[in-house]
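Peer 1:
Numbering (the UniProt record's numbering), first residue to last: 1 to 923.
#1: So, with DSSP's three-state summary, where would you put residue 551?
#2: For a test of the three-state rule: what should DSSP assign to residue 156, helix, strand or coil?
#3: Could you pull out every residue in the same chain whose Cβ sits closer than 7 Å to the Cβ of residue 56, ignoring the five residues on either side in sequence?
#4: Pull up the distance between the alpha-carbon of residue 44 and that of residue 274, whole angstroms please.
#5: If we ignore side chains and look at the alpha-carbon of each, how far apart do residue 394 and residue 823 end up?
#6: One question on the structure: do residue 196 and residue 165 come within less than 8 Å of each other, judged by their Cβ atoms?
#7: In whole angstroms, give me the CA-to-CA distance for residue 674 and residue 645.
#8: Do you know whose CA, among 781, 737, 731 and 726, lies nearest residue 757's CA?
#9: Can you look up residue 670 in the DSSP assignment and give me helix, strand or coil?
#10: Is the segment 273 to 292 in contact with the segment 318 to 325, if contact means three or more CB pairs nearer than 8 Å?
#11: Within 8 Å, do at least three Cβ pairs link the segment 409 to 417 to the segment 508 to 518?
#12: Does DSSP classify residue 365 as helix, strand or coil?
#13: Using DSSP's beta-bridge definition, name the partner residues of residue 51.
#14: Which one of 513, 387, 546 and 496 has the shortest CA to CA distance from residue 536?
#15: May I have the straight-line CA-CA distance separating residue 175 from residue 108, to the nearest angstrom?
#16: If distances are taken between C-alpha atoms only, which option among 487, 396 and 421 comes closest to residue 440?
#17: What whole-angstrom Cβ distance do residue 745 and residue 654 have, given they're in contact under 8 Å?
#18: From the DSSP output, in three-state form, read off residue 591 for me.
#19: Verify whether the separation of the beta carbon atoms of residue 450 and residue 683 is less than 8 Å.
#20: In the DSSP assignment, the beta strand (DSSP E) including residue 135 goes from what residue to what residue?
#21: Any chance the segment 632 to 646 sits against the segment 763 to 772, with 3 or more Cβ pairs inside 8 Å?
#22: Within the chosen definition, does the segment 299 to 317 reach the segment 44 to 54 through at least 3 CB pairs nearer than 8 Å?
#23: Just how far apart, CA to CA, sit residue 360 and residue 354?
#24: Under a Cβ-count criterion, where at least 16 other Cβ atoms within 10 Å of its own Cβ denotes burial, should residue 528 be classed as buried or exposed?
#25: Just to confirm, are residue 786 and residue 587 a CB contact at a threshold of 8 Å?
#26: So, helix, strand or coil for residue 627, using DSSP?
#27: Counting only runs that start and end within the segment 172 to 243, where is the beta strand (DSSP E) found for 3 or more residues in a row?
#28: Figure out for me which residue from 41, 32, 633 and 97 has the closest Cα to the Cα of residue 847.
#29: Residue 954: which of 208, 183 and 94 sits nearest, CA to CA?
#30: Taking the beta strand (DSSP E) that residue 270 belongs to, which residues open and close that run?
#31: Residue 455 and residue 386 - do their beta-carbons sit closer together than 8 Å?
#32: With a CB to CB cut of under 6 Å and the five nearest residues on each side skipped, what residues in its chain are close to residue 478?
#33: Considering residue 633, what are the terminal residues of the alpha helix (DSSP H) in which it resides?
#34: Which residue comes first and which comes last in the beta strand (DSSP E) that contains residue 503?
#35: Along the chain, where does the beta strand (DSSP E) that runs through residue 779 open and close?
#36: Going by DSSP in three states, residue 378 sits in which element: helix, strand or coil?
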């Protein structure tokens, strides 16, 4: 079996993968960075924007460490106490992140509280609407967590509606604490859009059974117009907008923290709101069972009132080693996109040392950049570039900060220059300039990203800067290789707007002696601009979808940031930073770069034409229609098509008839193993909407762009469906056709579907013919993403970006990584070993649908054939089995959700044969 798997892998990896580079990295925290003469304590911790603070002893040494969750970057930062020169200091320890069970890209808040009374803090985790709990199951000095509450969200018994999910708005920070002093954890939160606090009492000691016992805890409500609350007043209402001219709009959002502030054994409340920069303290004059707020201080703490833009949230955490809890505040802004006006993203964490006790605190302000000041963290959205700027053969570091908060509504985008003051064997970085190249004077906007290269052939590094505007700017180095000085040469180097977040990189991909320009954008794609001169840069657009690279996921923006690397053998790899996928590596860059940017040809010879409304996909004399066409892989391959993304489809109209499909039509595509059409196929890979296109046809070729470009794998047959509904009848639109000699065109039965309300895309099958419309497809050849199993997973939260160089002279590629939180992480490269098991047995191929898929698919075989193949196994491209299951003819395969995106191989085994398939997993 091992021999068979290896042969299969070799076949599989030949699929546009003739040369491969693989990399392995290990995160570092001790490489020194200097700000002035002082070393930065945690230079590679990655930065903070909107953090939440909790305590936990990571290594069970008796000291209470700090777990920080940054909502903006969606990152966990374990900060652990270490003894350095006789002093206890907090150090970043990323090796503990793996012990926390959080999926990427989720989480409105994380609070650590002991719910089961075992002395260990458990995890309360919000996905933005509901709360899930993980039990702390640590033992024998090993940190671990397990799903609690059967993996279900917390429920509560609502006063008005009974038992249902305990809802907490993403915009609110609730309080989870023993509010009534009975030894278990209760929950305080504002109702959905309400102005009064709901009390969800825990009725299960050391458990999780919640009942709403009040909808006006504390007998107050938010006033809305003023910073103060209305005491002893609990009539209803929703949060209101502030009046015009106020300068702010009141959005739903409040943050609460209960704390006995006056040692009277009842909890008081620290309260803040999205519309104010301040913190209020509400004094509880009631009892444990009947709280009543009787006084308020709207400028708390009185010795140094909070004034933190925007929406400060308070957290109780021990930030020292004295056993006393301190007060930390940061913005709880609901924005996670790095918007510049949402918070002070480099001086936005206020720290108050508690010089009193836990039940009668006295808060003394110490700093407004707690932890941030101990990191490389100049703002939000960092992008690193490694380049030798002073000619000493050491790679220096230029850090772009996309948004550096200056004042409400205004931010800068700056370049920070760190000179490599270390050695070839050990890099060290010293901050030299916070306005490198005098970028601020050019007013290029926010989200700037630099690219370095010698564009004029004089031996020094010139500079291209991309910006949020979608344009990029040329700065010429008028200094020297050892003393750079930059002067704006061309404000807009091309007239092409590539879309928001233009992220350039300079690289001679075509080996013609000049540097080409590659620009990623917010959409997740890459533009290629060819340079025709090595001394006077002259860029012309060659492709707007280079390599069909698309690093967007789940309908989010992609924020592609490209970096190329070529090794000593001449093999090139492409790394692309992204919003939510981490840094994605792509193979076969050299091969794809030599292909045309788009492949387009005609399938069919126009020897016939459609005769009626069944044969034409636009037979609009009827109110609905459905046609499917099968194109064999051999037909596509004969025309020069390779694996890639089909972006448009064309039909040759020989008689435009009524011209307009009045209610639009839908085009669908899928890869299939079918070699003839004798029925309709379903299970197309995208949620294609009806009324996708409303199109006015003309005679000749009509090209229709696809809303969802289709990923063709280069070897499967291609099935196309055209369907329409709700049409007002007119003369049929006729197309040119070709007799292909096999059953390649199926059409539907109009019986019962010739009505205005009928869904044409659900029309049943009627007949198959051998005439097929002539079709013209436009395909962009695709680079293949390397499965995460074959390289180190460089993911440091939202908008991970990276640049690469050998920083310690060991011959391996190292990585400096940026992210939305605004800081940096450092990884040193290691040897990557790729071993393929030995093997020997032939197999036949089979298709699955959909492909690509998100982990759910079906095997495309007839039921009587599939019944003989009862065992499914799936392998990654390293030959490691990642999934197995007994299957039958109606089995839908659902893979483990923790599998990483990439290429996989499936094997289904019968009594004397094996069938295989390959697919792309993309969540």
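Beta carbons: idealized from backbone N, C-alpha and C, even for Gly.
Peer 2: Working from what's here:
#1: Indexing the chain shown from 1 puts residue 551 at position 551. Secondary structure of residue 551 (DSSP, three-state): coil.
#2: Position 156 of the chain shown, counting from 1, holds the residue named residue 156. Strand at residue 156.
#3: To locate residue 56, count along the chain shown from 1; it is residue 56. Here the set comprises 65, 67, 112 and 121.
#4: In the chain shown, counting from the first residue as 1, residue 44 sits at position 44. In the chain shown, counting from the first residue as 1, residue 274 sits at position 274. Rounded to whole angstroms, residue 44 to residue 274 spans 31 Å at the Cα level.
#5: Residue 394 sits at position 394 when you count from the first residue of the chain shown. Residue 823 sits at position 823 when you count from the first residue of the chain shown. So the alpha carbons of these two residues sit roughly 22 Å apart.
#6: Counted from its first residue, the chain shown places residue 196 at position 196. Counted from its first residue, the chain shown places residue 165 at position 165. At a Cβ-Cβ threshold of 8 Å, residue 196 and residue 165 do not count as neighbours.
#7: On the chain shown, position 674 is the one that residue 674 refers to. On the chain shown, position 645 is the one that residue 645 refers to. When only Cα atoms are considered, residue 674 and residue 645 end up about 20 Å apart.
#8: Translated into the one-based positions of the chain shown, residue 757 becomes position 757. For residue 757, the closest C-alpha among the options 781, 737, 731 and 726 is that of 726.
#9: The count along the chain shown starts at 1 and reaches residue 670 at position 670. Residue 670 carries a strand assignment under DSSP once its states are collapsed to helix, strand and coil.
#10: Contact between the segment 273 to 292 and the segment 318 to 325 is absent, because fewer than three Cβ pairs lie under 8 Å.
#11: Because the criterion of three Cβ pairs below 8 Å is not met, the segment 508 to 518 and the segment 409 to 417 do not touch.
#12: Start at 1 with the first residue of the chain shown, and residue 365 comes out as number 365. Secondary structure at residue 365: strand, using DSSP grouped into helix, strand and coil.
#13: Stepping through the chain shown from its first residue, residue 51 is reached at position 51. Looking at the DSSP assignment, residue 51 forms a beta bridge with 70.
#14: Counting from one through the chain shown, the residue named residue 536 turns up at place 536. Closest option to residue 536, Cα to Cα, is 513.
#15: For this step, residue 175 is matched to residue 175 along the chain shown. For this step, residue 108 is matched to residue 108 along the chain shown. Between the alpha carbons of residue 175 and residue 108 lies a gap of roughly 14 Å.
#16: For this step, residue 440 is matched to residue 440 along the chain shown. Checked all of 487, 396 and 421; the closest Cα to residue 440 is 487.
#17: Walking along the chain shown from the start, residue 745 turns up at place 745. Walking along the chain shown from the start, residue 654 turns up at place 654. With a Cβ gap of about 16 Å, residue 745 and residue 654 do not count as contacting.
#18: Start at 1 with the first residue of the chain shown, and residue 591 comes out as number 591. In the structure shown, the three-state DSSP call for residue 591 is helix.
#19: Position 450 of the chain shown, counting from 1, holds the residue named residue 450. Position 683 of the chain shown, counting from 1, holds the residue named residue 683. Cβ distance not < 8 Å, so residue 450 and residue 683 don't count as in contact.
#20: Along the chain shown, read from residue 1 onward, the residue named residue 135 stands at position 135. Following the DSSP letters along the chain, one finds residue 135 inside the beta strand (DSSP E) bounded by residues 131 to 136.
#21: With a cut-off of 8 Å, the segment 763 to 772 and the segment 632 to 646 do not count as touching, because too few Cβ pairs lie within range.
#22: Touching, yes, given that three or more Cβ pairs across the two stretches are closer than 8 Å.
#23: Sequence index remark: in the chain shown, residue 360 carries index 360 (1-based). Sequence index remark: in the chain shown, residue 354 carries index 354 (1-based). C-alpha separation (whole angstroms): 9 Å.
#24: To locate residue 528, count along the chain shown from 1; it is residue 528. Buried, by the Cβ-count rule.
#25: As a working mapping, residue 786 is identified with position 786 in the chain shown. As a working mapping, residue 587 is identified with position 587 in the chain shown. The answer is yes: Cβ separation under 8 Å.
#26: Locating residue 627 in the chain shown gives position 627, counting from the first residue. In the three-state reduction of the DSSP assignment, residue 627 falls in the strand class.
#27: The segment 172 to 243 is shown to contain whole beta strand (DSSP E) runs of 3 or more residues at 175 to 177, 186 to 190, 197 to 202, 210 to 214, 220 to 222 and 229 to 231, in chain order.
#28: Walking along the chain shown from the start, residue 847 turns up at place 847. With distances taken between Cα atoms, residue 847 lies closest to 633.
#29: The chain is shown only over 1 to 923; residue 954 falls outside these bounds and no answer can be derived.
#30: For the purposes of this step, residue 270 is taken as the residue at position 270 of the chain shown. Note, residue 270: beta strand (DSSP E), 268 to 273.
#31: The residue you call residue 386 lines up with position 386 of the chain shown. The residue you call residue 455 lines up with position 455 of the chain shown. It is not a contact, given that the beta carbons lie outside the stated cut-off.
#32: Counting from one through the chain shown, the residue named residue 478 turns up at place 478. Hits under 6 Å: 485 and 487.
#33: In the chain shown, residue 633 corresponds to position 633, counting from 1. Start and end: 633 to 638.
#34: Against the chain shown, residue 503 aligns to sequence position 503. Taken as a continuous stretch (DSSP letters only), the beta strand (DSSP E) holding residue 503 covers 503 to 507.
#35: Start at 1 with the first residue of the chain shown, and residue 779 comes out as number 779. Element bounds for residue 779: 775 to 781.
#36: Numbered from 1 along the chain shown, position 378 holds the residue referred to as residue 378. Residue 378 falls in the coil class under three-state DSSP.
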